[in-house]
Structures are given as C-alpha cells and as structure tokens.
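Student:
In the working numbering, the protein residues as written are 3 to 324.
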C-alpha cells in the first residue's frame, strides 16, 4: 500500500477556481472562505487522481466540497438527531439522481445545487454513483436513528464498521476518482469480490485514521460514532488498549488487501490494466486520506489544534484518559 505521494499538476489552478466558486455559492464571508481554503480538499482530490485533467479535477473538488457540507449536517448539524428531516434531505438528493428533482440554484438550495452540478457532469459513472450514494445515504439514516435511540454503544465493532463503511463516503469517492482518472472497468469485473474487498479495505483504513485523529474533537462535540469510544465503553478497554486494537485492525487491512489481490483473476491485458488502475484508486484513497489528514491537522488544527505539528513529526498523540 505504501508509495510515494504524487499530486496532480493541475492542483493550483483548480484550487483557485474551485475555492472561489464554492465561496460564491455558499456566500462565505472572508473568514469563512479563508477557513475553507485552508482545509484544502483540492489537495485531497489531487492525491486521489494525480492524472485527472483540469475539468475532471474541478468536478472532483466540487464533490469534495459538497460531501463535507452535506455530511456535517448529519455529524454535528441540524439533522444529527432529526430522523424525519434527515430522511427528507436524503430523499431530495436521491431525486436529483433520478431526474425527479427541480433545477436547484445557489440561492434556492446551495448544497443540493452543488450535488446536482456534479451529477450532471458524471454521465458515464451515473449507475455506480446511484448505487454507492444510496449506500452512503442509507447508512447516514442508520447513524441518525442510532444517535436518537442511544444505540451507539450497544452495537459491536462489526456492526459499527459496517455502518461507518457507508457513512465515511469512500465508496462514492472511489467511483468519483474512477471518473477523474478515466478508468473503463467493465461492470462484471468491478463486481468481482476481490475488487469489492479492495474498496472495503480502503474504507476501513479511512475510518481507522479518521477515528484516531478526530477522537478529541468528537469528544468535545459529543459525537459518539467513534471506534475508540466504542472500544472503551462497550469492551472496557483503556484508551491505550483501544489504540493498540486499532493498530491490529490496520495490520489486518494490509493482510486482507494482499489476499484480495491474490484472488483476482486475469481478464486479458486490456481489462487487467484497467483493473490495476482501479486498485490504484482504492489505494490512493486510503493513503491520500492519511497524508491529507496529517497535513491538514498541523496546517489548520482541524483535529489536533496546536499539537498537530508535533504529532506529524513524532507520531505520538496524547489523548485524554478514558
């Protein structure tokens, strides 16, 4: 999984245009626009697809802006504990993909407007996008229901990981990056268990990284869907034991990755080349998220505040006792 970081050469041009556009759509003031620019989701998109042409990288950036805005409503916003409103919001976004929605504008509904623009652009990936966004949306509703019913610490690790694989957004992001990298993978190859397992491993690695880095922020915001919290509350582990268990899970991800690749059959030179490019997308998402999260933490304090640089340099993070 480990490889040298490569950044799309169109990064600077696309970031400037995309950050200005989303600031206009969301009507950010100068402080809000500067904060969004620092988060730098264009860097994340540029790692995921270092070969995307400028126009496709711009769509990837727009989707990144959308998914952060959309997801925040469910994590810490007004939809966090409102199942009815959450279901309605998701229904309206599904309608966009079904062609049943009105044409949104930046004034009528800016977040849906951004999603609709992305949907319009990705014609060749729309079937996979429908499937994976519905998967994402469905698990967001599970998250809201569990939050409201107080089930966050009743579920076991497998149940938690299954839910988070949906809510983390990696599956639609993989399809987005397929589009960015212009990968042409036949559906029957895409559906092979080995490639589906590569997608799952990618999602799991993103979950594990995010839950470690966001743990303190989640505690402060009262966000319960964090694996560290679950291991402490349900399994009675100390915080160090919980971190050690997550380390074991990361090691298992590597094992699962290579076993999946070993089981992938050959489909002939042309298709095999596209399959390996798809595998590279899965790898780039997991590794890119790690790079971006670490850099973002010490650049912006998104997760680790002033300690971000020290954590980046030493690999040691101090957490509050359980």
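For glycine and all other residues, C-beta sits at the position ideal for the given N, C-alpha and C.
Which whole-angstrom value describes the C-beta separation of residue 169 and residue 138, a residue pair presumed to lie in contact below a C-beta threshold of 8 Å?
Tutor: Sequence index remark: in the chain shown, residue 169 carries index 167 (1-based). Sequence index remark: in the chain shown, residue 138 carries index 136 (1-based). 7 Å between Cβ atoms; contact.
Student: Once the 5 residues before and after residue 243 are set aside, which same chain residues still bring their CB inside 8 Å of it?
Tutor: For the purposes of this step, residue 243 is taken as the residue at position 241 of the chain shown. Excluding residues within five positions, the ones whose Cβ falls inside 8 Å are 233.
Student: Just list the beta strand (DSSP E) runs in the segment 136-209, keeping only unbroken ones of 3 residues or longer that don't cross its boundaries, in chain order.
Tutor: Listed in chain order, nothing qualifies, since the segment 136-209 has no complete beta strand (DSSP E) run of 3 or more residues.
Student: Looking at the structure shown, is residue 253 part of a helix, part of a strand, or coil, going by DSSP?
Tutor: As a working note, residue 253 is residue 251 in the chain shown. In this structure, residue 253 counts as helix in the three-state DSSP scheme.
Student: Closest to residue 273 by C-alpha separation, out of 187, 239 and 211, would be which residue?
Tutor: Looking up residue 273 in the chain shown gives position 271. Comparing Cα-Cα distances from residue 273 to each of 187, 239 and 211, the minimum goes to 187.
Student: Leaving aside the five residues before and after residue 118 along the sequence, list all residues of the same chain whose C-beta is less than 6 Å from its C-beta, in chain order.
Tutor: Taking the chain shown and counting its residues from 1, the one referred to as residue 118 is at position 116. Closer than 6 Å at Cβ, skipping near neighbours: 98 and 106.
Student: Determine, using beta carbons only, whether residue 182 and residue 58 come nearer to each other than 8 Å.
Tutor: Your numbering for residue 182 matches position 180 in the chain shown. Your numbering for residue 58 matches position 56 in the chain shown. Yes; because the gap between Cβ atoms is below 8 Å, this pair is in contact.
Student: So, are the CB atoms of residue 185 and residue 279 less than 8 Å apart?
Tutor: Indexing the chain shown from 1 puts residue 185 at position 183. Indexing the chain shown from 1 puts residue 279 at position 277. Against a cut-off of 8 Å, the Cβ pair of residue 279 and residue 185 comes out as a contact.
Student: What separation, rounded to the nearest whole angstrom, lies between the Cα atoms of residue 121 and residue 218?
Tutor: Stepping through the chain shown from its first residue, residue 121 is reached at position 119. Stepping through the chain shown from its first residue, residue 218 is reached at position 216. Approximately 35 Å, taken between the alpha carbons.
Student: Give the secondary structure of residue 86 by DSSP, where H, G and I count as helix, E and B as strand, and everything else as coil.
Tutor: Along the chain shown, read from residue 1 onward, the residue named residue 86 stands at position 84. Helix at residue 86.
Student: Does the distance from the C-beta atom of residue 135 to that of residue 104 stay below 8 Å?
Tutor: As a working mapping, residue 135 is identified with position 133 in the chain shown. As a working mapping, residue 104 is identified with position 102 in the chain shown. Taking 8 Å as the Cβ cut-off, residue 135 and residue 104 do not qualify as a contacting pair.
Student: Let me make sure I understand the geometry here. Which of 142, 46 and 238 has the alpha-carbon closest to that of residue 91?
Tutor: Locating residue 91 in the chain shown gives position 89, where the first residue counts as 1. Residue 142 is the option with its Cα nearest to residue 91.
Student: By Cβ distance below 6 Å, which residues in the same chain neighbour residue 1 in space, the five residues on each side in sequence not counted?
Tutor: The structure shown does not extend to residue 1, since the chain is modelled only from 3 through 324, so no value can be given for it.
Student: Can you grab the Cα-Cα spacing for the pair residue 256 / residue 20, in whole Å?
Tutor: Residue 256 sits at position 254 when you count from the first residue of the chain shown. Residue 20 sits at position 18 when you count from the first residue of the chain shown. In a straight line, the C-alpha of residue 256 is about 35 Å away from that of residue 20.
Student: Do you know offhand how far residue 150's Cα is from residue 115's?
Tutor: In the chain shown, the residue the question calls residue 150 occupies position 148. In the chain shown, the residue the question calls residue 115 occupies position 113. Taking the straight line joining both Cα atoms gives about 29 Å.
Student: For residue 100 and residue 226, I'd like the C-alpha separation in whole angstroms.
Tutor: If you number the chain shown from 1, residue 100 lands on position 98. If you number the chain shown from 1, residue 226 lands on position 224. Roughly 33 Å separates the two Cα atoms.
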